[in-house]
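Chemist:
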Amino acid sequence: MNKKICIISPSLKMGGIERALTVLANYFAQEGHEVSFISAQGGEQFYHLDPAICFFEPTFKRSAGLVGKIRFYFSMVLFIRKTVKQQNPDAVLSFGDAFNPLVLLALLCAKFPVYISDRTSPDFPFNPIIRLGKKWLYPKSAGFIAQTQRAATYKHNQFGHHLRIKIIPNAIKETINYDLPKAAQILCVGRLSVEKGQDRLVKAFSKIAAETHWKLVLAGDGPMRQSLETLAEALKVKDRIVFLGKVENVDQLMNESAIFVLPSRLEGFPNALCEAMSLGLPCICFDCIPVEALLTSGKDGLVVPENDIDALAVAMKELINNPSLRNELGNNAQKIKDKLAVATIGEQVFDFMFESKK
Numbered sequence: 028m029n030k031k032i033c034i035i036s037p038s039l040k041m042g043g044i045e046r047a048l049t050v051l052a053n054y055f056a057q058e059g060h061e062v063s064f065i066s067a068q069g070g071e072q073f074y075h076l077d078p079a080i081c082f083f084e085p086t087f088k089r090s091a092g093l094v095g096k097i098r099f100y101f102s103m104v105l106f107i108r109k110t111v112k113q114q115n116p117d118a119v120l121s122f123g124d125a126f127n128p129l130v131l132l133a134l135l136c137a138k139f140p141v142y143i144s145d146r147t148s149p150d151f152p153f154n155p156i157i158r159l160g161k162k163w164l165y166p167k168s169a170g171f172i173a174q175t176q177r178a179a180t181y182k183h184n185q186f187g188h189h190l191r192i193k194i195i196p197n198a199i200k201e202t203i204n205y206d207l208p209k210a211a212q213i214l215c216v217g218r219l220s221v222e223k224g225q226d227r228l229v230k231a232f233s234k235i236a237a238e239t240h241w242k243l244v245l246a247g248d249g250p251m252r253q254s255l256e257t258l259a260e261a262l263k264v265k266d267r268i269v270f271l272g273k274v275e276n277v278d279q280l281m282n283e284s285a286i287f288v289l290p291s292r293l294e295g296f297p298n299a300l301c302e303a304m305s306l307g308l309p310c311i312c313f314d315c316i317p318v319e320a321l322l323t324s325g326k327d328g329l330v331v332p333e334n335d336i337d338a339l340a341v342a343m344k345e346l347i348n349n350p351s352l353r354n355e356l357g358n359n360a361q362k363i364k365d366k367l368a369v370a371t372i373g374e375q376v377f378d379f380m381f382e383s384k385k
């Protein structure tokens with residue numbers, strides 16, 4: 028039986044939350060469900076939505092200053108509540124630690140079951156207002172989707188039986204294999220920010236740069252770009268590192284690269300890592316991120332101790348010098364495609380929202 032599903036996203040800008048929600052929205056629409064999509068911010072639309080999806084965005088903008096900020100959020104609450112009521116969905120789906128409390132507040136005392144999911148690491152230091160909002164409002168949701176066992180355990184310890192929890196990882200969007208020749212380059216994809224840890228990768232690369240002709244490619248933009256360029260210059264490797272900024276065709280870039288590194292300090296769920304694995308790239312990451320259910324070090328990737336810059340440098344050098352190991356790890360990594368296929372994950376999310384209503 029077809030359902031009416033309303034998906035609410037902080038925006039449609041480039042980002043992990045937006046990518047995950049648009050993938051699910053398109054899947055539900057293609058399965059014949061009536062889908063509406065609310066973007067809390069107007070403007071840039073980086074991700075494509077199926078033409079059958081009803082799209083809504085506010086016309087008001089955020090003003091400067093404290094008063095403007097309060098007015099913006101008050102208007103957002105009213106906009107979400109009014110739009111959802113007009114759509115009259117069977118279920119509402121919202122992602123984002125800082126955004127979910129706003130959605131739950133907007134739909135407080137409404138008849139619509141709201142399903143939520145946090146997308147950042149449980150260790151992320153949110154401000155007291157967001158923490159208070161989550162503590163008060165999360166138990167009022169119809170269910171919580173945890174991306175990992177660690178996130179589920181953390182939420183269970185917080186809320187106990189007051190929060191219905193289901194572990195469902197992110198779906199991998201369908202990647203395109205261009206069958207391109209591999210360049211002698213190490214790739215990192217992600218926002219250039221402290222939590223993404225590109226500074227650790229630059230430091231590790233500087234330790235092996237003199238021993239190889241390979242280059243390091245950083246795809247993405249963010250507040251740390253200038254400091255990363257300064258760091259690369261100080262370590263005398265700026266001419267060996269390419270800062271690409273935002274990249275539209277990440278699949279092609281991954282196909283052209285020979286090694287993928289995810290140096291993050293914090294991750295809710297490593298989407299870029301999973302996409303790289305699905306394209307057969309040998310991957311390296313630190314053990315601080317939730318990789319236990321995604322890869323096994325030495326089998327389908329390499330995991331190095333958290334914040335061990337020397338170990339990261341050694342791992343990169345090992346893959347550079349060992350093409351057969353690169354092929355073995357990459358071939359094994361591709362198996363993640365079946366585990367995290369859009370249809371598989373989409374069905375799990377749908378069943379969680381409607382299993383008690385069948």
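In our numbering, the protein residues as written are 28 to 385. Backbone N, C-alpha and C fix where the C-beta goes; we use that ideal spot for every residue, glycine too.
#1: Out of curiosity, what's the CA-to-CA distance linking Ile157 and Val341?
#2: For Ile32, count neighbouring C-beta atoms within 10 Å of its own C-beta (all shown protein chains included) and say buried if the count is 16 or more, exposed if not.
#3: If we count Cβ pairs, one from each stretch, closer than 8 angstroms, do we get three or more for the stretch 86-95 versus the stretch 55-65?
#4: By a C-beta neighbour count over all protein chains shown, 10 Å radius and 16 as the cutoff for buried, is Phe101 buried or exposed?
#5: In terms of alpha-carbon separation, which member of Thr371, Gln72, Gln114 lies closest to Leu39?
#6: Please name the residue or residues paired with Phe139 in a DSSP beta bridge.
#7: Let me check understanding here. Comparing Cα to Cα, which of Val216, Asp365, Ile194 lies closest to Pro297?
#8: According to the neighbour-count rule (16 or more other Cβ atoms, all chains shown, within 10 Å of its Cβ), is Gly357 buried or exposed?
#9: If you measure between the beta carbons of Lys182 and Leu190, is that distance less than 8 angstroms?
#10: Secondary structure at Val264, three-state DSSP: helix, strand or coil?
#11: Cβ atoms of Asn154 and Ala47: under 8 angstroms apart, would you say?
#12: By Cβ distance, which residues of its chain are closer than 8 angstroms to Gly69, with the 5 residues on each side in sequence left out?
#13: Pick out whichever of Arg177, Ile34, Arg252, Gly272 has its Cα sitting closest to the Cα of Phe126.
#14: How would you call Gly325, buried or exposed, if buried means at least 16 neighbouring beta carbons within 10 angstroms?
#15: With a threshold of 6 angstroms on Cβ separation, who are the neighbours of Leu243 within its own chain once the five nearest residues in sequence on each side are excluded?
#16: Looking only at its chain, what residues have a beta carbon closer than 8 angstroms to the beta carbon of Asp337, apart from the 5 residues adjacent to it on each side?
#17: Hey, is the stretch 133-143 in contact with the stretch 106-117, meaning 3+ C-beta pairs nearer than 8 angstroms?
#18: If I'm right that Ser284 touches Gln361 with Cβ under 8 angstroms, what's the distance once you round it to whole angstroms?
#19: Would you identify the three-state DSSP class for Lys385, choosing helix, strand or coil?
#20: Could you check whether Cys315 and Glu302 sit closer than 8 angstroms to each other, using their CB atoms as the reference points?
#21: Is Cys81 helix, strand or coil by DSSP?
#22: What's the call for Gly224, buried or exposed, on a 16-neighbour Cβ count within 10 Å?
#23: Thinking just about the alpha-carbon of each residue, which of Lys366, Asn276, Ala320, Ala67 is nearest to the one in Asn204?
#24: Quick check: the Cα distance between Lys364 and Ile311, rounded to an integer number of angstroms?
#25: Quick one: Cα of Gln174 to Cα of Asp124, how far?
#26: Report the option in Asn53, Val50, Ile65 whose CA atom is closest to the CA atom of Ser36.
#27: From what residue to what residue does the beta strand (DSSP E) around Cys315 run?
#28: Can you check DSSP and say which residues form a bridge with Gln212?
#29: Express the C-alpha separation of Gln113 and Val331 in angstroms, rounding to a whole number.
#30: Could you pull the start and end residues of the beta strand (DSSP E) that Glu355 belongs to?
#31: Taking the straight line between their C-alpha atoms, what separation do you get for Phe55 and Leu219?
#32: Between which residues of its own chain and Leu293 is the CB-CB distance below 8 angstroms, once the five residues before and five after are set aside?
Modeler: Result, derived from the coordinates:
#1: Looking at the two C-alpha atoms, the distance is approximately 40 angstroms.
#2: Result: buried.
#3: No, the stretch 86-95 is not in contact with the stretch 55-65.
#4: Around the CB of Phe101, fewer than 16 other CB atoms lie within 10 Å, so the residue is classed as exposed.
#5: Ranking the options by Cα distance to Leu39, first place goes to Gln72.
#6: Paired residues: none, contrary to the question.
#7: Taking the Cα of Pro297 as reference, the smallest distance to any Cα among Val216, Asp365, Ile194 is reached at Val216.
#8: Under this definition Gly357 is a buried residue.
#9: A Cβ-Cβ contact shorter than 8 angstroms links Lys182 with Leu190.
#10: Note: Val264 maps to coil in three-state DSSP.
#11: No, the Cβ-Cβ distance between Ala47 and Asn154 is not below 8 angstroms.
#12: These residues qualify, in order along the chain: Glu84, Pro85, Thr86, Lys88.
#13: Nearest option by C-alpha distance: Ile34.
#14: Exposed, because fewer than 16 other Cβ atoms sit within 10 Å of the Cβ of Gly325.
#15: Same-chain partners within the cutoff: Ile213, Phe232, Ile268.
#16: Taken in chain order, the residues that qualify are Ala231, Lys234.
#17: As far as the Cβ criterion goes, the stretch 133-143 touches the stretch 106-117, which means the pair count is three or higher.
#18: 15 angstroms between Cβ atoms; not a contact.
#19: In this predicted model, Lys385 has a pLDDT of only 45, less than 50, meaning its place in the structure is not dependable; the value taken from the coordinates is given anyway. Lys385: coil per DSSP, three-state reduction.
#20: It is not a contact, given that the beta carbons lie outside the stated cut-off.
#21: Cys81 falls in the strand class under three-state DSSP.
#22: Residue environment for Gly224: buried (at least 16 other C-beta atoms within 10 angstroms of its C-beta).
#23: Minimum Cα-Cα distance from Asn204 among the listed residues Lys366, Asn276, Ala320, Ala67 corresponds to Asn276.
#24: Those two C-alpha atoms are separated by around 18 angstroms.
#25: Gln174 and Asp124 have their C-alpha atoms some 13 angstroms from each other.
#26: Of the candidates Asn53, Val50, Ile65, the one whose C-alpha sits nearest the C-alpha of Ser36 is Ile65.
#27: Per DSSP, Cys315 belongs to no beta strand (DSSP E) and is neither H nor E.
#28: DSSP lists Lys242 as the bridge partner or partners of Gln212.
#29: Taking the CA atoms as reference points, Val331 sits about 51 angstroms from Gln113.
#30: Counting along the chain, Glu355 sits inside no beta strand (DSSP E); it lies in the alpha helix (DSSP H) bounded by residues 350-360.
#31: Within the model, the alpha-carbon separation for Phe55 versus Leu219 is close to 32 angstroms.
#32: Here the set comprises Thr147, Ser148, Asp150, Phe151, Glu222, Cys315, Ile316.
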